[in-house]
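J.:
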Amino acid sequence: MKIPMTEYLAINLETEKWCCLRCDHVIGSARKSYKEGLLVYDRDPREIHRPILDPERYEFTYAPDPKWVRILEYYCPGCGVMVETEYTPPGHPPLHDMEFDIDALKAQWKARPKGPVSALGPDTSPRDEGHQHGTGK
Ligand SMILES: [Zn+2]
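So the sequence shown is residues 711 to 847, counted in the working numbering.
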């Protein structure tokens with residue numbers, strides 16, 4: 711049984727593995743950080759938060775200093791969806807942000823009825839509601 715944990719991550723309780731909710735790619739052991747199985751893009755923060763002032767003329771431009779902060783983006787190797795981003799000092803190891811008690815999860819879900827588990831939240835998938843935009847009707 712796959713239990714949704716975030717928008718793009720699930721834990722398969724039978725295999726004790728993290729997996730991608732979008733493409734079912736097996737990411738890695740659910741007893742370790744999911745980030746170990748994802749692709750990492752170590753970004754210069756100035757690419758994301760562009761300077762407001764001309765960097766040729768000013769030392770401080772309102773853009774983050776890449777000597778002080780990096781932006782790590784994590785992507786699923788199977789489908790390429792961005793799973794997580796984090797701001798860390800350069801050289802800092804990835805943050806271990808989620809750690810679940812897998813044995814407790816198994817015990818908790820064992821008592822629940824079998825069947826599909828849906829992620830919480832509104833369904834934002836596109837629907838054909840039988841009308842066209844811009845027709846005025
Ligand atoms: Zn994926």
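The beta carbon of each residue, even a glycine, is placed where N, CA and C say it ideally should be.
Fair warning: this is a prediction, and the values are worked out from it, not measured in the lab.
Please go through the same chain and pick out, in chain order, the residues whose beta-carbon is closer than 7 Å to the beta-carbon of R741, but skip the five residues on each side of it.
T.: A distance below 7 Å between beta-carbons, with the five flanking residues on each side excluded, links R741 to the following residues of its chain, in chain order: E726, I812.
J.: Please classify I721: is it buried, with 16 or more other beta-carbons within 10 angstroms of its beta-carbon, or exposed?
T.: Buried.
J.: Between D807 and chain C, is any beta-carbon pair separated by less than 7 Å?
T.: Looking for chain C here will not work: only one protein chain is present.
J.: Return the chain-ordered list of same chain residues with a C-beta closer than 7 Å to the C-beta of S739, the five sequence neighbours on each side being excluded.
T.: E726, K727
J.: Compute the minimum distance between the beta carbon of H802 and the heavy atoms of ligand 1, and state whether it is under 6 Å.
T.: no
J.: Classify I758: buried if its beta carbon has 16 or more other beta carbons within 10 angstroms, exposed otherwise.
T.: I758 counts as exposed, since fewer than 16 other beta carbons sit within 10 angstroms of its beta carbon.
J.: Taking the alpha helix (DSSP H) that W819 belongs to, which residues open and close that run?
T.: 812–820
J.: Roughly how far, in whole angstroms, is the beta-carbon of R753 from the beta-carbon of E783, given that I think they are within contact range, below 8 Å?
T.: 6 Å
J.: By how many angstroms is the C-alpha of C730 removed from the C-alpha of P800?
T.: 27 Å
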